[in-house]
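In UniProt numbering, the protein residues as written are 1 to 272.
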């Protein structure tokens, strides 16, 4: 789950309950499933991490911030998570990179260049992952970032910093990275046309500019270190967005009245 778990740093209690219910239900249905979620720019990193000790008992890892050791070295161990198969064999490592705020990636060691600091954290974590992996183990990166060339949705995305100067190059993720799961941009898309670097996009439309998006999650398959397939699984819409053209109010009321009545609670196929 590549960030923006909530839409605000202070989510309502009901939203938090839905997240925790989802995690519990997922664990009950698939006890061997490992879930990784990171904080996005909409989230409070501290809030995302607060229940982490309890979540780990449900095979769920929550990462909200990066930390530095006393000697100025990135604490990479907490950001590198094993992904085991059903037999408990580690088949891949997840590089979990939450949204990086300026205070986390600038300072005496890294300097004052925010973009350079973000890139440096990525480089350090990838370096640590390459040292940790065994032959045949894939490296799966999950990052909440704005990649250069990404298509931004109108009206519904908050710029990470003023001027969009924070866009990162795809070259950050070298060939040793099997797949990169990105969060932040709402439109499903490849970065620089690369099959292995993708935004799955938001699961629901968050503005009328997103009516035409095919909201989806992505299922990936790997053979050792090699990515073999990426399959989109389309998400059904609980409520369709309707756009009416410019017209006098009386005409608009007629168009609205012509729309079919929908009883969402009575629909057996309605997503929960």
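The beta carbon of each residue, even a glycine, is placed where N, CA and C say it ideally should be.
Asked                                                                                                                       : Found
Beta carbon of residue 62 nearer than 8 angstroms to that of residue 128                                                    : no
For residue 38, the nearest candidate out of 32, 97, 85 (CA to CA)                                                          : 97
Bounding residues of the alpha helix (DSSP H) (the contiguous stretch that carries residue 46)                              : 45-49
Contact the stretch 244-262 vs the stretch 222-233: 3+ CB pairs below 8 angstroms                                           : no
Assumed close pair residue 118, residue 100 - CB separation to whole angstroms, cut-off 8 angstroms                         : 5 angstroms
Sequence-distant residues of the same chain with beta carbon closer than 8 angstroms to residue 242, five excluded per side : 259
Straight-line Cα distance separating residue 47 from residue 15                                                             : 13 angstroms
Residue 182 and residue 145 closer than 8 angstroms at C-beta                                                               : yes
Assigned secondary structure, residue 120 (DSSP; H/G/I helix, E/B strand, else coil)                                        : helix
Among 234, 8, 208, the one whose alpha carbon lies nearest that of residue 219                                              : 234
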